[in-house]
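Counting the sequence shown from 1 gives a position; the numbering used here is that position plus 284.
Even for Gly, the Cβ is constructed at its ideal location relative to N, Cα and C.
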Amino acid sequence: MRTYLAIALFLIAKTAFGIEAADKVVVIKSEKMLYLYKEGRVLASLPVVFGANPEGHKQQEGDERTPEGSYRLDFKKPDSAYHKAIHISYPNTDDIASARRRGVSPGGAVMIHGQRNGFAWAAPVMQDFNWTRGCIALSNEDMETVWHSVRPGTPIEIVPQAPKHSLQAQRP
Numbered sequence: 285m286r287t288y289l290a291i292a293l294f295l296i297a298k299t300a301f302g303i304e305a306a307d308k309v310v311v312i313k314s315e316k317m318l319y320l321y322k323e324g325r326v327l328a329s330l331p332v333v334f335g336a337n338p339e340g341h342k343q344q345e346g347d348e349r350t351p352e353g354s355y356r357l358d359f360k361k362p363d364s365a366y367h368k369a370i371h372i373s374y375p376n377t378d379d380i381a382s383a384r385r386r387g388v389s390p391g392g393a394v395m396i397h398g399q400r401n402g403f404a405w406a407a408p409v410m411q412d413f414n415w416t417r418g419c420i421a422l423s424n425e426d427m428e429t430v431w432h433s434v435r436p437g438t439p440i441e442i443v444p445q446a447p448k449h450s451l452q453a454q455r456p
């Protein structure tokens, strides 16, 4: 009985939101795009914005940069100050060691999220410039797509620009 219920809930969610479960998320900073992938196929491509100082890898708390590298989307936060949030596993051990060598805090609480609660109406303007403190922000509608497609543990790759040989050919 539980198996049937789980299958029914999956089919309802897939029909209601029209998106499959992603097995990888790729963010290309130069394109300001987030791509949801399943088995090498693009499920969705969504516009995003970053921290107010978007170029380069996050070095320390307060630098308003979005990290670059390989991480995991490790938990969902439905009660965020923003329209839903999914935590990125920054900082990793390399980020911590690098910050420690420089005598600074690496920062944390880097998320993918929607608009600040109560400000969904501002998304058409807010999504035209980098306004976060280092997070990856989407419109609330696009955040719903990500929220329903991503499971905790999904890998995320954040890169400054698309590798010429790999992702270019796979994108629509």
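Restricting attention to Met410, Thr416, Arg400, Ala407, the CA atom closest to the CA of Val394 is found in Thr416. Distances from the alpha-carbon of Ser433 to those of Ser423, Tyr319, Glu315 put Tyr319 closest. DSSP, read as helix, strand or coil, puts Ser314 in helix. Beta-bridge annotation (DSSP): Phe359 is paired with His371. Using a Cβ distance threshold of 8 Å, Gly398 and Tyr366 count as a contacting pair.
In the structure shown, Arg435 adopts coil according to DSSP, grouped into three states. The segment 346-353 makes contact with the segment 374-394; the number of CB pairs closer than 8 Å reaches 3 or more. Per DSSP, reduced to three states, the secondary structure at Pro390 is coil, with no helix or strand assignment. Beta-bridge pairing by DSSP links Gly346 to no other residue. If you check the CB distance, Glu339 and Gly391 do not come in under 8 Å.
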